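**Q** Listed in order, the protein sequences are those of chains B and G.
All residue numbers for the first sequence refer to my numbering, where the first residue is 1 and numbers rise by one.
All residue numbers for the second sequence refer to my numbering, where the first residue is 1001 and numbers rise by one.
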Amino acid sequence: MKKYWKSLEEYNGTHFDPGEEDQSGISTFELLSSENNESKTSRRDFLKWCGFSFMSATVLASCESPIKKAIPYLNQPEDITPGMASWYASSFYDGKDFCPILVKVRDGRPIKIEGNKSVMLTHGGTTGRVQASVLSLYDTAGRYHHPFYNGEKTTWEQADRDIAGKLDSARKDIVLLTSTIISPSTQEVINRFKNRYNNFRHVVYDAISYSAIREANLLSFNRREIPFYRFDSAGLIVGFNADFLANWLLPVTYTRQYADSRALRKDKKEMSRHLQFESGMSVTGANADKRFKIKPHEELQILQGTYNILAGNGNGSEPEQAKNLAAEIRKNENKTLIVSGTNDIKVQTLVNAINYMAGSYGNTIDFTNSLNLCQGNDKDLQQLVNDMEAGKISALIVGDANPVYDYPGNGFKNALDKVDLKVSFSSVLNETSELADYILPSPHYLESWDDVAPANGFYGVAQPTIRPLFDTRQMQDSLLKWSDNDLSYKDLIKELWEKQIFTKQNKTGLFTAFWQESLQLGVFTPEIESVNVNISNEALATAGSLQKATVNEGWDLVFYESTALGDGRHANNPWLQELPDPVSKVCWDNFAAISPVDAEVLGVNNGDLIRLFEGVELPVIVQPGQKEKTVSVALGYGRQRSGKVAEGIGVNVFNFVEFKDGYKKYNVSIDQPVKTKAKTDLALTQTHHNMEGRAIVRESVLTAWQNDPASGNELHEFNEAHKATLYPEAKFEGHHWALAVDLNRCIGCSACVIACQAENNVPVIGKREVMRRRIMHWMRIDRYYTGETDNPGVVFQPLMCQHCDNAPCENVCPVAATTHSDEGINQITYNRCVGTKYCINNCPYKVRRFNWFQYSKNKAFDYNMNDDIGRMVLNPDVTVRERGVVEKCSFCVQRIQEVKLKAKLENRKVMDGEIQPACVQACPGKALVFGDLNDPDSEVSKLFKDERNYHVLEEMHLLPSVGYLTKIRNV
Amino acid sequence: MIKLYFTTPKNSVISTISRLLFCLITVLIFISRPVLAEESQEQSDKRDLRMGQRLFMGLVDFKSGRFDCSSCHYLGATEEINWNPSAYDLAIAWLEEDGTDIYQVMNNPVSERLEEEHYGMTITSEEERLLQVFLKHVAEEGPGVLKPYPINTFAFWIMGILMALAIIDLLFTKRVRYRFIHVAVLIIGIGVHTAFARIESVKVGRSQGYAPDQPIKFSHKIHAGENQIDCRYCHFIADYSLSGGIPSNSICLNCHNVIKNGTNSGAFEINKIHRAAKTGEPVRWVRIHKLPDHTFFSHAQHTNVAGIECQTCHGPVEEMHIVKQVEDLSMGWCINCHRDTKIQFFENEYYTTFNELYDKLKSGAIDSITASEIGGINCMKCHY
């Protein structure tokens, strides 16, 4: 049997459990008293309190309960029913990521984001960042509450008067600097502003730049566009440093396409093959069938070699990997897709040329629905900073961007001093706003009107779901006002839709009807003409004649986006900070990932600080699969001004990104890192729960599966055959809920973890408590390595309560707080629980969580639950747990009950797939399927009967209600 | 000041001193005049307040005779319905910017009912001023509060004192010769205390019998009982929401746009609806039936799906002037009902999910299925 391991210590047999040793040095009692952290509680005090509590029990018995008021509406709005949720279609767009969403609003408060199922682009999938965005709405400390002038509170009227005056008298250029704008209406606003001020220009940039892809496409196809990629039509997927499943462009769409291409069924016996070339281990790389670790400079060599071979110019001196790649591409003519995330025009031109030769255009790459995301131009940004430096800019208006934080080096910050008027529109605290003269807070996207056009032929609307919590105004409204327009932005959107978008269809003749329908659906997708492209000779010539890359035999530092935080704009979101990185399983920090070989050379281990640059020290994570002599560090950390959650967490490495030939380069060569004497503690969650080397993940390879669908899953048959019990089998009348997890579709992105947290009021507990293995997530994604340490295979396994029919936790509860329901759910009653934790000990899956502290209204846990506005995000259908009780996944029983009631009200049975627990709903890859096992036609029943299905630890005869489908690799 | 009258000058020295003293004091008085004036203002306010209170409570006579306002316009909260506006109601009605004029109401009543009730009661402007001073005070004090469920602690304290005495006597004073008396007192005392603790702690968080004063003297007896208005006319969301729904002000106005005079309370109570509509300040009802936050309850499931009558849980509301919580709404009470209630299996397509039970019931193998038999008493039916 294959060996699976979770950490290098386990691999080497020197298993060290960080939880065994209390590293934080903080007494538990200190956290118990939220008022005064200095007093220690002694046994005497305890006895005193015992005596007191007896007295207080008597007093309590004679006390009154508070008088509660029931305040009805004055006029109940027609579309609001107190106690019931309303859903609004909207669009998530934060300047980088786009996702069509539905917003659940309960009694006027948005409490949950879900993917919009009716949109074909995402099929209802989301990412963790989209799920977590609802919490940012209620971030009191991380948002501006009113406009500021030089740090003092000011009014909108005053600011409007002053700024309009200063803009009118501006002799030099006025510049609006934003991240990519995909809203046609905002573009219209900017155009109007440009008409008003003729010395105005608009500069677009992205913190994570895709500039080279656009420029390469301009060179190759005369289109400065990013095409629409179709991973589902690809038989061979090749990724070069592109983390397309977690971060790159449209991860939700790509994940769904990728999962579809890798799904196996009785009627679909083929799956795509995925090769990944990268330096550090990304989520995408972890899912690859074959992963090649390369140094950054090798990418160009491999691509150049591959191109030469494909073009018939091979001379045999190409790298081995290029030869193999070329051979694979030849086998997959017309169904190859090569993507690269490197922001280098040479690389991107080669990628285009190879894709062209492989016949990808029109098959796996399509310019018809080319993307409007990531339009940033690195050269424009550099030009702007040069102009600022030269004093050529009178006014700089920054729109929801943070260049002070994410501009390479200190150039932007220094040049900012030479600008006369600095205005920042920002919905959140950031470093750039802090240096601006005027901070004009914009509302959160859930409080705003907007429209989006993320791709050609795709329009979406964003509508407010709550009145602005603070004194904010949208940037567009300000710009309209300053360009002497009386129109509100909302009216402008409607006007623009009527003039430009309404005319693209002929289904509805009335604009009001069209507008209402678009609002209700959230999107509008007109038919558009398809585009075919031909590559220019110039591009082929460039590709063929490219120079050899400069070879760097020394060390490379590679920057990447972390799956949780992305480019850092959501850093102040505690849900995201506490989301363990899918691969390294570290939360609350960024770190330097180095290879096991290098770790030995440097003499470092997890947590040791190494110095990368003068003054930049980062803790080490020894990452299996990391290329030797490379260090990977996540961007998005080290925020200086962001609100209390993110400040001081990690190190900002955006400063070390370089400009090369006019493009931002996300890898730099460095000297060998130096080990320092210091050591820090990392919150590493994977080693928290150990299943002691049993066959937890099962996998096989495609060819074996094609011959025998049960391959890799032989144990299942054995266990089924040897099932024996003294007790009668549990029988379920009516429903028997179950969840099937397809390990082939799960990519480990962790969107489900955040969705579960949002749905079930799971508290955030902070780094030091996570280090004590007390993370509260009801579901976790376990990451297992298999094979050798230098480049292991990776398996992700989502693990939540398995709802065993023979649950070992139920038998040991002394107070019957955890019992089995008549629908197969392992239920827990918080009010009965006395916190013996016997159930936690007896659970072989380690999915139960204990409330060590009161996590709400406790100053020691100063996150959203310690804040009146922050608590508005809580789901009223789920109890907020008290200190001292055990909690765990409930299969989102509140949703089951809701749907059952709906079915009863509509006088029908529950339909298959109608009930979607939060994790199932959020999953972008449709890896999770929930349903009723008693219904033989349900999808979950069919999956449970699949030969690939197995249960974790099934030899223990616990009869879990969660089934896993073996992972099949196409090697 | 008083001191001056005692100083009768006997000789010149004394007289000089006393004159100087007089001057000094006069100057002092002059300087301190504002303070003294203020004090007297405060005192007179207090006096006015006291006089207003006495007038209102019928302790002193009005010019037109002796009558006790508070006998009809209660100063505190009550458990019995009193159709007349309470003193607090009057106070806030009169203190409004364009509120009612007391003088007007008393001397030239605007409605028949007012005239009838206040016949022969005229007040002078001075009396009106005093009443207003008092009512302003009442408005500041806020409405009378009725304890949600007052507990009789008399027996608890008496037994506590007796037990203490018994112990003191047993150990120190030894006045009572027969030890069995001490023992009896202690045993009975402990029994009483334990019983008290048990009974009262069971009641914690429950409010059976709670019937608070509401901001509007809304009578369900008149609306649902005498006028036979369906519960769901006002509580219309109960059929499809978790919440039963407190009707919004606009629902009241559906009828009370036309009906502006009540049989019992005249226009006064109905005016409050109009006032709420005008000011935009909704009526703040006092909540009576309330389950704990960790208990999930859906009205729709019970009223719509199961067809349970409202009265099953809420008691005979149509007979209540003041709504009172009849049941204790305890978990035991819920569970008992779930054990006893038979499900209308054939009424709803949903129950075909339970195909085996369905067939058995159809074939007559079993005669009924209760809620508890299909998971009606699972913990996660209500707690999650």
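Where a beta carbon is used, it is the ideal one built from N, C-alpha and C, also for glycine.
In this text, all values refer to a predicted model and were calculated from it rather than measured experimentally.
What is the DSSP secondary structure of W5 (chain B), reduced to helix, strand or coil?
**A** Reading the first sequence from its first residue, position 5 is the one you call residue 5 (chain B). Of the three classes helix, strand and coil, the one that applies to W5 (chain B) here is strand, per DSSP.
**Q** Verify the CB distance criterion: does K1381 (chain G) have a CB-CB separation below 9 Å to chain B?
**A** For the purposes of this step, residue 1381 (chain G) is identified with residue 381 of the second sequence, where counting begins at 1. For K1381 (chain G), the answer is yes, since a Cβ of chain B falls inside 9 Å of its Cβ.
**Q** Please name the residue or residues paired with F796 (chain B) in a DSSP beta bridge.
**A** Residue 796 (chain B) sits at position 796 when you count from the first residue of the first sequence. In DSSP, F796 (chain B) forms a bridge with B:R783.
**Q** Can you round the beta-carbon distance between F98 (chain B) and L245 (chain B) to whole angstroms, since I take them to be within the 8 Å contact cut?
**A** Here residue 98 (chain B) refers to the residue found at position 98 of the first sequence. Here residue 245 (chain B) refers to the residue found at position 245 of the first sequence. F98 (chain B) to L245 (chain B), Cβ: 16 Å. No contact.
**Q** Which value, in whole angstroms, describes the spacing of the CA atoms of V910 (chain B) and V753 (chain B)?
**A** For this step, residue 910 (chain B) is matched to residue 910 along the first sequence. For this step, residue 753 (chain B) is matched to residue 753 along the first sequence. The alpha-carbon atoms of V910 (chain B) and V753 (chain B) are separated by roughly 26 Å.
**Q** Identify the residues that DSSP records as bridge partners of T818 (chain B): which are they?
**A** Numbered from 1 along the first sequence, position 818 holds the residue referred to as residue 818 (chain B). T818 (chain B) is bridged to B:I828.
**Q** Excluding the five sequence neighbours on either side, which residues of its own chain have a C-beta within less than 6 Å of the C-beta of T154 (chain B), listed in chain order?
**A** The residue given as residue 154 (chain B) occupies position 154 in the first sequence. Excluding positions up to five away in sequence, the list reads P147.
**Q** Closer than 8 Å, Cβ to any Cβ of chain B: which residues of the region 1229-1249 of chain G, in chain order?
**A** For the region 1229-1249 of chain G, which is checked against every Cβ of chain B, the residues closer than 8 Å are I1237, Y1240, S1241, L1242, S1243, G1245, I1246, P1247, S1248, N1249.
**Q** Between the region 807-837 of chain B and chain G, which residues of the former have CB atoms less than 7 Å from a CB of the latter, in chain order?
**A** Under the 7 Å Cβ criterion, the region 807-837 of chain B contributes T819, S821, D822, E823, I825, Q827, T829, Y830, N831.
**Q** Nearest-angstrom Cα distance between G115 (chain B) and I101 (chain B)?
**A** Position 115 of the first sequence, counted from the start, is the residue given in the question as residue 115 (chain B). Position 101 of the first sequence, counted from the start, is the residue given in the question as residue 101 (chain B). Near 4 Å, if we compare the C-alpha coordinates of I101 (chain B) and G115 (chain B).
**Q** Which runs of the beta strand (DSSP E) fall wholly inside the region 561-624 of chain B and span at least 3 residues, in chain order?
**A** For the region 561-624 of chain B, whole beta strand (DSSP E) runs of length 3 or above, ordered along the chain, are 592-594, 608-613, 616-622.
**Q** Could you run through the region 218-234 of chain B and flag, in chain order, every residue whose CB is less than 7 Å away from some CB of chain G?
**A** Cβ contacts with chain G come from no residue of the region 218-234 of chain B.
**Q** Kindly indicate the opening and closing residues of the beta strand (DSSP E) around W987 (chain B).
**A** Outside the displayed range of chain B (1 to 971) lies residue 987 (chain B), so it cannot be described from this structure.
**Q** Check for me: the beta strand (DSSP E) holding L396 (chain B) runs from which residue to which?
**A** As a working mapping, residue 396 (chain B) is identified with position 396 in the first sequence. Taken as a continuous stretch (DSSP letters only), the beta strand (DSSP E) holding L396 (chain B) covers 393-399.
**Q** Considering only residues of the region 64-125 of chain B, which uninterrupted beta strand (DSSP E) runs meet the minimum length of 3 residues and lie entirely inside it, listed in chain order?
**A** Listed in chain order, they are 85-93, 98-106, 109-115.
**Q** Residues of chain G with CB closer than 7 Å to the CB of R908 (chain B), please, in chain order.
**A** Residue 908 (chain B) sits at position 908 when you count from the first residue of the first sequence. Those are E1349, Y1350, listed as they occur along chain G.
**Q** Would you say P1316 (chain G) reaches chain B, if we count a Cβ-Cβ gap shorter than 9 Å as a contact?
**A** For the purposes of this step, residue 1316 (chain G) is taken as the residue at position 316 of the second sequence. Chain B contact via Cβ: absent.
**Q** Taking only beta-carbon atoms, is V1192 (chain G) less than 9 Å away from chain B?
**A** Within the second sequence, numbered from 1, the residue matching residue 1192 (chain G) stands at position 192. So, not an interface residue.
**Q** For Q520 (chain B), which option in B:D486, B:T465, B:Q474 has the closest C-alpha, if you only look at C-alpha atoms?
**A** Stepping through the first sequence from its first residue, residue 520 (chain B) is reached at position 520. Of the listed residues, the one whose Cα sits closest to Q520 (chain B) is B:T465.
**Q** So which residues on chain B does E1141 (chain G) lean against when the C-beta distance must stay under 7 Å?
**A** As a position in the second sequence, residue 1141 (chain G) is number 141, starting the count at 1. What E1141 (chain G) touches in chain B: nothing, since even the nearest Cβ is about 16 Å away.
**Q** Are P1047 (chain B) and V741 (chain B) touching if we call contact CB-CB under 9 Å?
**A** Within the shown structure, residues of chain B are numbered from 1 to 971, placing residue 1047 (chain B) beyond reach of any answer.
**Q** Which complete beta strand (DSSP E) runs does the region 705-760 of chain B hold, if anything under 3 residues is left out?
**A** Those beta strand (DSSP E) runs which fall completely within the region 705-760 of chain B and span 3+ residues are 737-742.
**Q** Please tell me whether V1326 (chain G) has its Cβ less than 9 Å away from any Cβ of chain B.
**A** The residue given as residue 1326 (chain G) occupies position 326 in the second sequence. Cβ-Cβ to chain B under 9 Å: no for V1326 (chain G).
**Q** Quick one: which chain B residues come within Cβ less than 7 Å of R1284 (chain G)?
**A** The residue given as residue 1284 (chain G) occupies position 284 in the second sequence. Going along chain B in sequence order, the residues near R1284 (chain G) (Cβ under 7 Å) are K69, I71.
**Q** Quick one: using the 10 Å Cβ neighbour count with 16 as the cut-off for buried, is R171 (chain B) buried or exposed?
**A** Counted from its first residue, the first sequence places residue 171 (chain B) at position 171. So R171 (chain B) ends up on the exposed side.
**Q** When DSSP labels each residue in this structure, what does Y1103 (chain G) get in the three-state scheme?
**A** In the second sequence, counting from the first residue as 1, residue 1103 (chain G) sits at position 103. Helix.
**Q** Give a yes or no on whether 9 Å exceeds the smallest Cβ distance from L739 (chain B) to chain G.
**A** Here the question's residue 739 (chain B) lines up with position 739 in the first sequence. Answer no: the Cβ-Cβ gap between L739 (chain B) and chain G never drops below 9 Å.
**Q** Is it true that the region 393-402 of chain B meets the region 155-174 of chain B, where meeting means three or more beta-carbon pairs spaced less than 8 Å apart?
**A** In short, these stretches touch, since the Cβ pair count reaches three.
**Q** So for W248 (chain B), helix, strand or coil by DSSP?
**A** Here residue 248 (chain B) corresponds to residue number 248 of the first sequence, with the count starting at 1. Reduced to three states, the DSSP call for W248 (chain B) is coil.
**Q** Taking the alpha carbon of A593 (chain B) as the point to measure from, which residue in B:R273, B:F659, B:L682 has its own alpha carbon closest?
**A** Translated into positions along the first sequence, residue 593 (chain B) becomes position 593. The option with the nearest alpha carbon to A593 (chain B) is B:L682.
**Q** In terms of alpha-carbon separation, which member of G:R1206, G:G1315, G:Q1344 lies closest to H1220 (chain G)?
**A** To locate residue 1220 (chain G), count along the second sequence from 1; it is residue 220. When each option's Cα is compared against that of H1220 (chain G), the closest is G:G1315.
**Q** When you compare only the Cα positions, how much space is there between N866 (chain B) and W575 (chain B)?
**A** The count along the first sequence starts at 1 and reaches residue 866 (chain B) at position 866. The count along the first sequence starts at 1 and reaches residue 575 (chain B) at position 575. Taking the straight line joining both Cα atoms gives about 14 Å.
**Q** Measure the C-alpha to C-alpha separation of N1348 (chain G) and P844 (chain B) and round it to an integer number of angstroms.
**A** As a first step, residue 1348 (chain G) is located in the second sequence; it is residue number 348 there, counting from the start. As a first step, residue 844 (chain B) is located in the first sequence; it is residue number 844 there, counting from the start. Spanning the two alpha carbons is a distance of roughly 41 Å.
**Q** Between I649 (chain B) and V770 (chain B), what straight-line distance do the alpha-carbon atoms span, to the nearest angstrom?
**A** Along the first sequence, read from residue 1 onward, the residue named residue 649 (chain B) stands at position 649. Along the first sequence, read from residue 1 onward, the residue named residue 770 (chain B) stands at position 770. Looking at the two C-alpha atoms, the distance is approximately 15 Å.
**Q** Sorted by chain position, which residues of the same chain lie with C-beta nearer than 6 Å to E954 (chain B)'s C-beta, five sequence neighbours on each side aside?
**A** Taking the first residue of the first sequence as 1, we reach residue 954 (chain B) at position 954. Taken in chain order, the residues that qualify are N719.
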